[in-house]
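So that you can map any letter, position 8 of the sequence shown is 12 in our numbering, and since no number is skipped, the others follow by simple counting.
Using N, Cα and C, we set each Cβ at its ideal position, and we do this for glycine too.
This report concerns only the one structure given below.
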Amino acid sequence: MQDIDNSALIGYPIFLTIALISATITITFLYINIENLHRNLDIREVEEQLSLIVSKAETMDIYDSNNTIQTLNINLPDTLYIAVLGGIPSDTGEPIISNETCNQYYYIMKDGTIKIYHSKVSFTFGESNKDVILTPGRHTITLKLYEKNGRSYVTVYRKQ
Numbered sequence: 005m006q007d008i009d010n011s012a013l014i015g016y017p018i019f020l021t022i023a024l025i026s027a028t029i030t031i032t033f034l035y036i037n038i039e040n041l042h043r044n045l046d047i048r049e050v051e052e053q054l055s056l057i058v059s060k061a062e063t064m065d066i067y068d069s070n071n072t073i074q075t076l077n078i079n080l081p082d083t084l085y086i087a088v089l090g091g092i093p094s095d096t097g098e099p100i101i102s103n104e105t106c107n108q109y110y111y112i113m114k115d116g117t118i119k120i121y122h123s124k125v126s127f128t129f130g131e132s133n134k135d136v137i138l139t140p141g142r143h144t145i146t147l148k149l150y151e152k153n154g155r156s157y158v159t160v161y162r163k164q
């Protein structure tokens, strides 16, 4: 009878174990990178939407009667916690909205990312200060330019 060499059978489980560990590590890295990519895309979307609002507000001209009201439709992703026009965040998480902070805007993502920006325009709110506080979802925003004491302001009216 012929002797059978079983050495290949002994190495096969080791090969499978190494292959499974390598595949698991690769899939884990892909998942982490996809999560980061998704997070970065959501942050980019928030920044683009806020930039659209701010750029429209900054280009409004008080001397042009056709350019004193702008209406925008925006869509903010679900990963956004809050975006505020004309305010800064406080220690408690509530926005500080005042004359001193009216040319600031910021957003907070649900993962804790906070970005604060400065604009050339001063924001005020329309019916209530909730108009300058944006949450995830679709919004119709109306910007109305007016002048008070030699300073231009943009009032924000929001419909969700």
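query	result
Tell me, please, whether the region 155 to 163 touches the region 114 to 127 by the rule of three or more beta-carbon pairs shorter than 8 Å.	yes
Buried or exposed, going by whether 16 or more other CB atoms sit within 10 Å of the CB of Leu54?	buried
Quick one, which of Leu41, Tyr109, Glu151 has its alpha-carbon nearest Ile137's?	Tyr109
If you draw a straight line from the C-alpha of Thr117 to the C-alpha of Thr96, how long is it?	15 Å
Report the CB separation of Ile78 from Ile112 in whole angstroms; it is logged as a contact under 8 Å.	About 17 Å separates the two Cβ atoms, so there is no contact after all.
For Lys119, which residues from the same chain have a beta carbon less than 7 Å from its beta carbon, with the 5 sequence-adjacent residues on both sides left out?	Tyr110, Tyr111
Looking at C-alpha atoms only, which residue of His42, Ser26, Asp68 is the closest neighbour of Glu151?	Asp68
With which residues is Gln74 paired in a DSSP beta bridge?	Leu147
So for Lys60, helix, strand or coil by DSSP?	helix
Helix, strand or coil: how does DSSP classify Tyr16 here?	helix
Which residue marks the beginning of the beta strand (DSSP E) containing Lys119, and which one marks its end?	118 to 122
Which of helix, strand or coil does DSSP assign to Val50?	helix
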